[in-house]
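> Residue numbers (the working numbering): 38 to 484. Positions of the beta carbon are idealized from the N, C-alpha and C atoms, including for glycine. Take this structure, written in structure tokens, and hold onto it; I'll ask about it next.
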Amino acid sequence: MSFCKCFHFFIIILQVFAAIAIFSLADSSLTQNQLFTNFLDTAKKPEFFDWMVKIRRKIHQFPELRYEEFETSKVIRTELDKLGIPYKHPVAVTGVIGFIGTGKSPFVAIRADMDALPIQELVEWEHMSQVPGKMHACGHDAHTTMLLGAAKILKQHEQEINGTVVLVFQPGEEGGAGAKKILESGALKNVSAIFGLHVLPTLPVGEVASRSGPMMAGNGRFEAIINGKGGHAAIPHTSIDPVLAASNVVISLQYLVSREADPLDSQVVTVAKFQGGGALNVIPDYVIIGGTFRSFSTESLEHLRQRVEQVIVGQAAVQRCNATVNFLDEASPSYPPTINDGGLHEQFRDVAENLLGANKVHFDKPPVTASEDFSFYQKVIPGYFFFLGMQKASNDHRAHFVHSPYLVINEEGLPYGAALHASLAVNYLEKYLQDGPMAEGKYRDEL
Ligand SMILES: [Zn+2]
Ligand SMILES: [Zn+2]
């Protein structure tokens, strides 16, 4: 063989190898898309769907408030036992952390919250809350169910998981900062990324919405006692009137957003509580006010917290009152803003668009000033949070939002949440092995 022929032969061999490589790549990506479609088809099968609906209704009928999710936790552990999935319990009082896959790194977490709200359900239906004054009015019953759905799917495909999926069933999202307690337990210390979702009763089933960067506000709460000196309402000059002082405090707090905050840096200060006195002819000794402040950056939130205290104390002093401010850090810790990781956003886009179709995935959703304790995870682990459509009927513009006693969610959305959880976890681990972490996570061998 001449040099020339030999060279040509070499080129042909190279081309064949290149073709095989390209074919395998295309084939593997095709296989993964098919796998995720298969996840969704599995979750929609009548037997699987009915199993999820049954679990959701059971949890819905017996709602438990933050850190009291003992029976809900038991339901989760019973199902994990049946599926043969190992777990840690208790974590953060009632939390359960499950594991599927090799047991080795990389680790990716998918999370659901378990707690209900102190609301009396006003929806009359066969499976309404059986506990007076408590209701799953934020859809956490559906979140827990969908994570169990994802667990069932992933267990069936355990051999195809290149790493470990960590299932996080957390307590106390509603004001209890359960996510913070899960992190403090150390259960997630080597997790490279975390995904979470929230039902959205105003978005059609089969659709999702999210965005890169700030998505939900951080929040803080405050309560202040403004002390004056009570007396007869007819001789106010002998009193120090805390009602008038508190009224001026409320007005002065409004300037924090309207005059001090950058108009392009959205913030909220709301005084929602104002209590003082009782008789119509008595100036009371004190007034209690309270409320919430919110922003989309940690810096602005911290600034608001400082200014809220300064304004309350300073403005009260103008009218000779003493004020003390409590930020309720123990009872109701401040939540950071929910900020989605850019790399995970691209991954979510790929997975969701392939699974649902590009027209069902919305990235134009404006940020919302509600808060979510998923943000605690995002402070230490790259994380991604998205909304899942659970509208009762298409084009139902009268759908009640979460935290309403009239909330109704569409259970047809359950398979989508389960399949998306499972797909995002598998996809993340695949991409991690191919390209390294999509965000600046940690890499260690043991969890
Ligand atoms: Zn809620
Ligand atoms: Zn919620």
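Can you list, in chain order, the residues of its chain with a C-beta nearer than 8 Å to that of residue 103? Leave out the 5 residues immediately preceding and following it.
Hits under 8 Å: 152, 208, 209, 210, 211, 212, 213, 215.
> Does the beta carbon of residue 473 fall short of 7 Å from some heavy atom of ligand 2?
No.
> Looking at residue 406: is its Cβ nearer than 8 Å to the Cβ of residue 373?
No, the Cβ-Cβ distance between residue 406 and residue 373 is not below 8 Å.
> For residue 176, verify whether its CB is less than 7 Å away from any heavy atom of ligand 2.
At least one heavy atom of ligand 2 is nearer than 7 Å to the Cβ of residue 176, so yes.
> Since residue 381 and residue 419 should fall inside the 8 Å C-beta cutoff, what is the C-beta to C-beta distance between them, to a whole number of angstroms?
That belief holds up - the Cβ atoms of residue 381 and residue 419 are roughly 6 Å apart, short of 8 Å.
> Return the chain-ordered list of same chain residues with a C-beta closer than 6 Å to the C-beta of residue 398, the five sequence neighbours on each side being excluded.
Cβ within range, chain order: 245, 389, 390.
> Do residue 525 and ligand 1 come close, with the Cβ less than 7 Å from some heavy atom?
The shown model of the chain, from 38 to 484, leaves out residue 525, and the question about it has no answer.
> Do the stretch 446 to 455 and the stretch 257 to 273 touch if we need at least three Cβ pairs shorter than 8 Å?
Short answer: they don't touch.
> Kindly examine ligand 1 and report whether one of its heavy atoms sits closer than 7 Å to the Cβ of residue 485.
Nothing can be reported for residue 485: it is not among the residues displayed for the chain, which extend from 38 to 484.
> Out of 179, 120, 342, 190, which has the shortest C-alpha to C-alpha gap to residue 424?
Per the Cα distances, 179.
> Once the 5 residues before and after residue 537 are set aside, which same chain residues still bring their CB inside 8 Å of it?
Because the chain spans 38 through 484 in this model, residue 537 falls outside it and cannot be assessed.
> By the 10 Å Cβ neighbour count, where 16 or more other Cβ atoms means buried, how is residue 221 classified, buried or exposed?
Label assigned to residue 221: exposed.
> Check whether the Cβ of residue 306 lies closer than 7 Å to any heavy atom of ligand 2, and answer yes or no.
Outside the cutoff, so no.
> Give the list of continuous beta strand (DSSP E) stretches no shorter than 3 residues that lie fully inside the stretch 299 to 373.
Runs found: 304 to 313, 323 to 332, 359 to 363.
> Ignore the nearest five residues each way along the sequence and tell me which others in residue 359's own chain have a CB closer than 6 Å to its CB.
Contacts found: 264.
> In the DSSP assignment, find the beta strand (DSSP E) that holds residue 375 and state where it starts and stops.
Where residue 375 is concerned, the enclosing beta strand (DSSP E) stretches over 375 to 377.
> In three-state DSSP terms, what is residue 89?
Residue 89 falls in the helix class under three-state DSSP.
> For residue 98 versus residue 166, is the C-beta distance shorter than 8 Å?
Yes, the pair counts as a contact, with Cβ atoms nearer than the cut-off.
> Are residue 462 and residue 232 closer than 8 Å when you measure CB to CB?
Closer than 8 Å, so yes.
> For the putative contact between residue 174 and residue 442, defined by C-beta atoms under 8 Å, what is the C-beta separation to the nearest angstrom?
Confirmed, Cβ separation roughly 6 Å.
> Give me the Cα-Cα distance between residue 206 and residue 346, rounded to the nearest whole angstrom.
Going from the Cα of residue 206 to the Cα of residue 346 covers about 36 Å.
> Between the Cα of residue 96 and those of 72, 69, 83, 185, spot the shortest distance and give me the residue it belongs to.
Of the listed residues, the one whose Cα sits closest to residue 96 is 185.
> Let me check one thing: in DSSP terms, what residues is residue 382 bridge-paired to?
Paired residue(s): none; residue 382 is not in a bridge.
> Between residue 417 and the rest of its own chain, which residues show a CB-CB distance below 7 Å, the 5 nearest in sequence each way excluded?
Cβ neighbours of residue 417 beyond the five flanking positions: 220.
> Mark residue 341 as exposed unless 16 or more other C-beta atoms lie within 10 angstroms of its C-beta, in which case mark it buried.
That one is buried.
> Applying the 10 Å Cβ sphere with the 16-neighbour rule, what's the burial state of residue 61?
Because the pLDDT of residue 61 is 39, which lies under 50, any placement of that residue in the model is unreliable, and the number read from its coordinates should be weighed accordingly. Its Cβ having fewer than 16 others within 10 Å, residue 61 is exposed.
> On the three-state DSSP scale, how would you describe residue 70?
Residue state, collapsed to three classes: helix.
> Given this structure, state the Cα-to-Cα distance separating residue 411 from residue 377, to the nearest angstrom.
Rounded to whole angstroms, residue 411 to residue 377 spans 10 Å at the Cα level.
> Could you check what DSSP says for residue 120 in three-state terms: helix, strand or coil?
Residue 120 falls in the helix class under three-state DSSP.
> Is there a Cβ of chain C sitting closer than 8 Å to that of residue 130, yes or no?
No chain C appears in the structure shown, which is made up of a single protein chain.
> Please give me, in chain order, every unbroken run of the beta strand (DSSP E) with length at least 3 that falls completely inside the stretch 382 to 462.
The stretch 382 to 462 contains these whole beta strand (DSSP E) runs: 420 to 426.
> Taking the continuous alpha helix (DSSP H) assigned at residue 272, which residues delimit it?
From DSSP, residue 272 is part of no alpha helix (DSSP H); its letter is neither H nor E.
> Do you know offhand how far residue 118's Cα is from residue 106's?
When rounded, the distance between both Cα atoms is 18 Å.
> In the DSSP assignment, the alpha helix (DSSP H) including residue 238 goes from what residue to what residue?
Per DSSP, residue 238 belongs to no alpha helix (DSSP H) and is neither H nor E.
> Alpha carbon to alpha carbon, what distance is there between residue 71 and residue 371?
Roughly 42 Å separates the two Cα atoms.
> If I follow the unbroken alpha helix (DSSP H) through residue 181, where does it start and stop?
Counting along the chain, the alpha helix (DSSP H) containing residue 181 begins and ends at 177 to 193.
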